[in-house]
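Structure, as structure tokens:
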Amino acid sequence: MGQSKTLLKILRGDSDNNIQFGDLCTLLNSLGFMERIRGQHHIFTHEEVVEILNLQPRGGKAKAYQVKQVRGVIVAYGMAGSLEPEGSSPSEPNEE
Numbered sequence: 232m233g234q235s236k237t238l239l240k241i242l243r244g245d246s247d248n249n250i251q252f253g254d255l256c257t258l259l260n261s262l263g264f265m266e267r268i269r270g271q272h273h274i275f276t277h278e279e280v281v282e283i284l285n286l287q288p289r290g291g292k293a294k295a296y297q298v299k300q301v302r303g304v305i306v307a308y309g310m311a312g313s314l315e316p317e318g319s320s321p322s323e324p325n326e327e
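Counting in the working numbering, the sequence shown runs from 232 upward without gaps.
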């Protein structure tokens with residue numbers, strides 16, 4: 232699946248159970264995340280993002296709660312550009 236199609240699917244949020252794990256990893260890499268793999272754990276970091284995304288596949292697909300985490304980071308940091316859904320305004324990331 233193309234990166235923009237994957238991004239739109241994630242931003243819509245209506246099929247979090249149906250995102251291919253490889254597509255999610257490819258999307259994160261294209262958004263500038265660095266990937267480190269430890270066993271089944273794919274750990275994504277970004278120099279401008281406080282959160283660390285730790286993803287694991289389940290039968291070739293991404294876990295729904297992890298897709299939700301990725302969506303939250305993409306929206307919070309304005310990484311979707313013009314593809315963000317209407318009515319959503321990126322919020323400031325939590326600083327703890």
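Think of the CB as a built atom: it goes at the ideal place given N, C-alpha and C, for glycine as much as any other residue.
DSSP, read as helix, strand or coil, puts residue 286 in strand. Within 10 angstroms of the beta-carbon of residue 272 lie fewer than 16 other beta-carbons, which makes it exposed. Residue 266 sits close to residue 275, with the two beta carbons spaced by under 7 angstroms. Residue 264 and residue 279 have their C-alpha atoms spaced approximately 9 angstroms apart. Cβ neighbours of residue 285 within its own chain (closer than 7 angstroms, five residues either side excluded): 272 and 274. C-alpha of residue 256 to C-alpha of residue 233: approximately 12 angstroms in a straight line. Between residue 299 and residue 247, the C-beta gap is smaller than 7 angstroms, which places the two residues in contact.
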